[in-house]
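> In the working numbering, the protein residues as written are 1 to 654. Each residue gets a CB set at the ideal place from its N, CA and C atoms; glycine is no exception. Got a structure for you, written out below as structure tokens; questions coming shortly.
Structure follows, in structure tokens:
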């Protein structure tokens with residue numbers, strides 16, 4: 001079948017490697033990428049108890065790329081890693097750019113299913129003709145940067161794609177990441193922790209076969225239409241310059257940033273100026289880059305800390321590397337109040353080298369700093385943890401750096417406490433201090449942290465409360481309310497209301513539709529950045545044309561969207577088996593109860609609107625609004641009767 005590779009199953013306990021083709025039936029039902037990953041996860045846990053400890057060798061780590069990834073359609077490639085999360089205890093997945101996905105697919109492998117646990121550290125090596133499990137004892141203990149360097153110094157070709165873990169994954173940090181070729185992290189939910197629990201240091205791929213195409217002439221024509229859409233998109237030229245860093249100034253203008261553990265929605269002007277893309281371009285940026293082969297957006301860039309940019313930069317100078325994303329600025333810059341771009345860049349690279357999700361640790365540390373500010377954490381605590389007094393005052397870069405290291409290497413009690421998600425951190429600190437801490441949390445579903453203002457933007461509040469992998473913006477990524485896009489609201493919902501800012505109108509329904517849309521993009525294996533944030537500039541009919549030309553399988557826009565919806569329902573079904581219900585779709589007290597003080601959205605708090613929007617969200621998905629469980633009617637309409645039957649036996653269906 002054109003446009004598809006194989007599913008490869010590797011049991012690290014026995015060393016067995018089995019290869020099987022993706023059938024036309026599976027392709028039509030789940031497309032690929034996220035959809036086939038979710039199907040593989042669902043089937044795995046039909047023969048394995050879904051309630052197992054996520055660090056059990058019986059958990060599974062699945063890597064997959066959809067059919068439009070690693071092709072010439074110009075939309076980049078995004079690898080999806082899927083597993084039961086050690087951070088939350090329920091569904092987990094992570095997404096990464098970089099060249100690993102393309103190299104794996106060019107070797108003829110679309111999905112990799114890894115089970116068991118190796119007796120000693122190993123890495124998997126995939127080529128066109130062979131798949132090996134190789135010894136990795138010489139790599140264990142190394143950071144991701146040194147791991148890549150050592151592997152490319154003679155063990156594997158220099159162009160090979162490398163997905164590896166660092167000390168955080170080896171040491172069981174629950175939110176450790178897999179990092180692709182030094183710079184692109186499969187963040188959130190703990191993919192690196194799962195790999196570490198299996199003694200899997202890395203997966204390396206080097207492929208030269210490419211992807212078979214059903215109709216090359218039609219594929220070229222489809223690619224031209226996509227390129228024309230990209231070229232006519234007015235925001236592409238903006239995001240090509242500095243990617244998500246453009247959000248720094250835009251969010252500050254609309255009240256979307258979160259300053260000092262989200263106590264404020266506005267960063268002081270003099271501080272935002274030195275964290276802005278303009279400052280970065282003038283002082284550190286070297287050139288624009290694309291994070292994956294075949295991407296025409298190129299929203300990444302390279303930069304260097306030369307040493308003269310700021311006072312901190314004098315001791316942080318180093319080699320050329322990738323730039324931080326908005327997320328890093330939001331956590332270490334705004335959250336910890338370190339308005340120093342070189343210092344933020346250094347922390348970004350340190351977390352990547354350790355293989356640690358900067359979103360989670362970058363949410364935990366501002367929380368610790370607020371507890372210090374309020375006198376809950378004191379010098380006696382830091383002295384006990386670090387052997388000397390350590391101030392956790394706002395802006396203390398040295399304290400942030402020491403905590404990051406302590407977590408990655410599990411160096412002291414605080415490092416061990418902070419190796420869990422932020423909700424578990426708060427619970428542990430309440431026992432130590434005998435004082436309340438949870439009202440200062442900034443987190444959502446599953447206890448995952450996130451550093452961004454959402455109270456003024458109800459679609460995002462819903463997203464953070466309901467996402468299948470825990471508090472998250474990417475599962476339902478859109479800019480309908482933050483971008484005031486009444487045109488997208490009208491196209492999707494027949495009314496402009498969801499695009500009217502600072503109101504809850506139609507925001508629950510918009511969140512549900514955005515989840516289905518983003519899932520469709522993730523099933524196709526392409527970057528969600530522009531297609532998801534502006535579906536009017538990249539209409540799905542262009543994606544349908546590309547898919548049919550590539551695979552020879554006729555598909556309509558409706559069928560693509562239904563495949564995305566099917567994947568969302570598989571993830572909902574998986575979590576339903578684990579006991580998740582409406583009570584688990586929640587936000588922390590700060591977001592629920594404390595009103596916004598910024599002029600835009602002033603007085604808004606999620607507690608005033610979330611319950612009604614959840615009703616709207618569940619109804620749009622076809623789920624029961626009282627329990628949040630999927631219904632048989634909805635599952636059967638999506639050709640998931642087999643899933644409904646399992647849920648009914650376990651009393652996990654409405």
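1. At 4 residues or longer, and completely inside the segment 476-553: list those alpha helix (DSSP H) runs for me, N to C.
2. Classify residue 451 as helix, strand or coil using the three-state DSSP reduction.
3. Beta strand (DSSP E) containing residue 111: first to last residue?
4. Which full runs of the alpha helix (DSSP H) of 4+ residues lie inside the segment 555-643, going along the chain?
5. Go ahead and pull the three-state DSSP assignment for residue 21.
6. What does a CB cutoff of less than 7 angstroms around residue 656 pick up in its chain, not counting 5 residues either side in sequence?
7. Have a look at residue 614 and residue 594 and give me their C-alpha separation to the nearest angstrom.
8. Look at the Cβ atom of residue 717, then the Cβ atom of residue 255, and state whether they are nearer than 8 angstroms.
9. Taking residue 371 as the reference, give the member of 308, 410, 321 and 439 with the closest Cα.
10. Might you give, ordered along the chain, the residues of its own chain that have their beta carbon closer than 6 angstroms to the beta carbon of residue 338, omitting 5 neighbours on each side?
11. Along the chain, where does the beta strand (DSSP E) that runs through residue 82 open and close?
12. Measuring alpha carbon to alpha carbon, tell me which of 274, 128 and 349 ends up nearest residue 302.
13. Classify residue 570: buried if its beta carbon has 16 or more other beta carbons within 10 angstroms, exposed otherwise.
14. Determine whether the beta carbon atoms of residue 31 and residue 524 lie at a separation below 8 angstroms.
15. For the alpha helix (DSSP H) that residue 657 lies in, which residues bound it at each end?
16. Between 598, 184, 562 and 162, which lies nearest to residue 321 when the distance is taken from Cα to Cα?
17. Please go through the same chain and pick out, in chain order, the residues whose beta-carbon is closer than 6 angstroms to the beta-carbon of residue 276, but skip the five residues on each side of it.
18. Quick test of your reading: residue 658 and residue 502, contact by CB under 8 angstroms. State the CB separation rounded to the nearest angstrom.
19. Quick check on the DSSP output: what are the complete beta strand (DSSP E) runs of length 3 or more inside the segment 146-209, in order along the chain?
20. Taking buried to mean at least 16 other C-beta atoms within 10 Å of its own C-beta, is residue 278 buried or exposed?
21. Distance, Cα to Cα, residue 610 vs residue 381?
22. Shortest alpha-carbon distance to residue 3 belongs to which of 587, 69 and 391?
23. Determine the extent of the alpha helix (DSSP H) in which residue 659 is found, giving its start and end residues.
24. Work out the CA separation of residue 199 and residue 555 for me, nearest whole Å.
25. Between 356, 325 and 369, which lies nearest to residue 336 when the distance is taken from Cα to Cα?
26. In three-state DSSP terms, what is residue 132?
27. Between residue 540 and residue 489, what straight-line distance do the alpha-carbon atoms span, to the nearest angstrom?
28. Between residue 449 and residue 173, what straight-line distance do the alpha-carbon atoms span, to the nearest angstrom?
29. Apply the 10 Å Cβ neighbour rule to residue 228 and answer buried if 16 or more other Cβ atoms are within range, or exposed otherwise.
30. Would a C-beta distance cut-off of 8 angstroms place residue 100 and residue 191 closer than the cut-off?
31. Indicate whether residue 242 and residue 251 have their beta-carbon atoms separated by less than 8 angstroms.
32. Spatial neighbours of residue 576 within its chain, please: C-beta separation below 8 angstroms, excluding the five flanking residues on both sides.
33. Verify whether the separation of the beta carbon atoms of residue 36 and residue 26 is less than 8 angstroms.
34. Three or more beta-carbon pairs under 8 angstroms between the segment 111-127 and the segment 46-63, yes or no?
35. Assuming residue 107 contacts residue 206 (C-beta within less than 8 angstroms), just tell me the rounded distance between them.
36. Looking only at its own chain, which residues have a Cβ that is under 7 angstroms from the Cβ of residue 698, when we skip the five neighbours before and after it?
To lay it out plainly:
1. Runs of the alpha helix (DSSP H) inside the segment 476-553: 486-493, 507-524, 529-533 and 540-551.
2. Locating residue 451 in the chain shown gives position 451, counting from the first residue. Three-state result, residue 451: coil.
3. Against the chain shown, residue 111 aligns to sequence position 111. For residue 111, the enclosing beta strand (DSSP E) begins and ends at 109-115.
4. Entirely contained in the segment 555-643, the alpha helix (DSSP H) runs reaching 4 residues are, in chain order, 557-577, 589-593, 610-621 and 632-637.
5. In the chain shown, residue 21 corresponds to position 21, counting from 1. Reduced to three states, the DSSP call for residue 21 is strand.
6. Because the chain spans 1 through 654 in this model, residue 656 falls outside it and cannot be assessed.
7. Here residue 614 corresponds to residue number 614 of the chain shown, with the count starting at 1. Here residue 594 corresponds to residue number 594 of the chain shown, with the count starting at 1. Using only the alpha carbons, I get a separation of about 19 angstroms.
8. A question about residue 717 goes unanswered here, because the residues of the chain that appear run from 1 up to 654.
9. For the purposes of this step, residue 371 is taken as residue 371 along the chain shown, with counting starting at 1. Nearest option by C-alpha distance: 439.
10. Reading the chain shown from its first residue, position 338 is the one you call residue 338. In its chain, beyond the 5 residues on either side, 332, 395 and 397 have a beta carbon closer than 6 angstroms to the beta carbon of residue 338.
11. For this step, residue 82 is matched to residue 82 along the chain shown. If you look at residue 82, you'll find it in the beta strand (DSSP E) that goes 79-84.
12. Taking the chain shown and counting its residues from 1, the one referred to as residue 302 is at position 302. Considering only alpha carbons, the answer is 349.
13. As a first step, residue 570 is located in the chain shown; it is residue number 570 there, counting from the start. Residue 570 comes out buried.
14. On the chain shown, position 31 is the one that residue 31 refers to. On the chain shown, position 524 is the one that residue 524 refers to. Cβ atoms of residue 31 and residue 524: closer than 8 angstroms.
15. Summary: the structure shown does not reach residue 657, with the chain confined to residues 1 through 654, and so no result is reported for it.
16. Reading the chain shown from its first residue, position 321 is the one you call residue 321. Of the candidates 598, 184, 562 and 162, 184 places its Cα closest to the Cα of residue 321.
17. Taking the first residue of the chain shown as position 1, residue 276 is located at position 276. Here residue 276 has 248 and 249 as same chain residues with Cβ atoms under 6 angstroms from its own Cβ, once five neighbours each way along the sequence are excluded.
18. Examination of residue 658 is not possible in this model, given that the chain is present from 1 through 654 alone.
19. Taking only runs of at least 3 residues, the beta strand (DSSP E) segments lying wholly in the segment 146-209 are 161-164, 178-180, 184-186 and 200-206.
20. As a working mapping, residue 278 is identified with position 278 in the chain shown. Counting every other CB atom within 10 Å of its CB across the protein chains shown gives residue 278 a total below 16, marking it as exposed.
21. The residue you call residue 610 lines up with position 610 of the chain shown. The residue you call residue 381 lines up with position 381 of the chain shown. For the pair residue 610 and residue 381, the Cα-to-Cα distance works out to about 37 angstroms.
22. For the purposes of this step, residue 3 is identified with residue 3 of the chain shown, where counting begins at 1. Checked all of 587, 69 and 391; the closest Cα to residue 3 is 69.
23. Only positions 1 to 654 of the chain appear in the structure, and residue 659 is not among them; the question remains open.
24. As a working mapping, residue 555 is identified with position 555 in the chain shown. As a working mapping, residue 199 is identified with position 199 in the chain shown. Going by the C-alpha atoms only, they are around 41 angstroms apart.
25. Locating residue 336 in the chain shown gives position 336, counting from the first residue. With distances taken between Cα atoms, residue 336 lies closest to 369.
26. Start at 1 with the first residue of the chain shown, and residue 132 comes out as number 132. Three-state DSSP puts residue 132 in a strand.
27. The residue labelled residue 540 in the question sits at position 540 within the chain shown. The residue labelled residue 489 in the question sits at position 489 within the chain shown. Looking at the two C-alpha atoms, the distance is approximately 16 angstroms.
28. By 1-based counting over the chain shown, the position of residue 449 is 449. By 1-based counting over the chain shown, the position of residue 173 is 173. Going from the Cα of residue 449 to the Cα of residue 173 covers about 15 angstroms.
29. Residue numbering aside, residue 228 sits at position 228 when the chain shown is read from its first letter. When all chains shown are included, residue 228 counts as exposed.
30. Here residue 100 refers to the residue found at position 100 of the chain shown. Here residue 191 refers to the residue found at position 191 of the chain shown. No, the pair does not count as a contact, with Cβ atoms beyond the cut-off.
31. As a first step, residue 242 is located in the chain shown; it is residue number 242 there, counting from the start. As a first step, residue 251 is located in the chain shown; it is residue number 251 there, counting from the start. Residue 251 sits away from residue 242, with the two beta carbons spaced by 8 angstroms or more.
32. Residue numbering aside, residue 576 sits at position 576 when the chain shown is read from its first letter. If we look at residue 576 and ignore the five residues flanking it on each side, its Cβ neighbours are 629, 630, 647, 652 and 653.
33. The residue labelled residue 36 in the question sits at position 36 within the chain shown. The residue labelled residue 26 in the question sits at position 26 within the chain shown. Contact flag set, yes.
34. Yes, they touch.
35. Residue numbering aside, residue 107 sits at position 107 when the chain shown is read from its first letter. Residue numbering aside, residue 206 sits at position 206 when the chain shown is read from its first letter. About 7 angstroms separates the two Cβ atoms, so the contact holds.
36. No answer is possible for residue 698: it lies beyond the span of the chain, which begins at 1 and ends at 654.
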